[in-house]
């Protein structure tokens with residue numbers, strides 16, 4: 002089971018990285034712009050800050066991101082025997098999205114963001130995968146804790 006869980010995490014993280022990096026490459030290479038009803042925009046920006054553009058231009062952002070990813074990897078290492086398939090999927094999404102944004106930080110000196118919905122800060126697909134991964138992780142954690150309490 003341990004090898005299956007690791008394989009799920011690694012394969013899903015790789016898929017997330019490929020999808021995210023390809024989407025960024027398409028937007029950057031083609032200087033892609035699209036506006037849908039003034040509500041959704043696809044337009045390239047370079048985010049040198051943290052999530053949602055906070056702390057822009059700070060070099061420590063990459064270090065913080067590495068530390069967060071290290072915590073996720075440590076969690077995997079220490080909990081691998083207890084991780085089920087659902088949790089592996091959430092961890093794979095988080096890890097893949099984080100690594101893809103980290104690739105941007107080192108190769109582009111900032112994260113390429115391009116999805117703007119209404120007045121929400123501009124994001125990318127990696128951000129979406131990270132968000133979905135954390136939501137799933139929390140949902141599975143709550144479900145697990147309720148199951149344990151009910152036993």
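Residue numbers (the numbering used here): 2 to 152. We put the CB at the ideal spot given by N, CA and C, even for glycine.
CB contact flag (residue i, residue j, <9 Å)
i, j, result
"residue 17", "residue 97", "yes"
"residue 95", "residue 3", "no"
"residue 33", "residue 119", "no"
"residue 92", "residue 10", "yes"
"residue 84", "residue 6", "yes"
"residue 24", "residue 115", "yes"
Alpha-carbon to alpha-carbon, residue j and residue i
i, j, result
"residue 89", "residue 129", "17 Å"
"residue 42", "residue 125", "12 Å"
"residue 136", "residue 99", "15 Å"
"residue 75", "residue 102", "19 Å"
"residue 31", "residue 122", "22 Å"
"residue 117", "residue 45", "10 Å"
"residue 105", "residue 111", "6 Å"
"residue 133", "residue 12", "17 Å"
"residue 141", "residue 87", "7 Å"
Assigned secondary structure, residue i (DSSP; H/G/I helix, E/B strand, else coil)
i, result
"residue 85", "coil"
"residue 108", "helix"
"residue 130", "helix"
Same chain, Cβ closer than 8 Å to residue i, neighbours up to 5 away in sequence not counted
i, result
"residue 15", "97"
Residue i CB to nearest heavy atom of the ligand GTP below 8 Å
i, result
"residue 27", "No copy of the ligand GTP occurs in the structure displayed, which carries no ligand at all."
Subject >> Ranges of the beta strand (DSSP E) found wholly within the region 27-52, counting only runs of at least 3 >> reply: Runs found: 34-37, 41-48.
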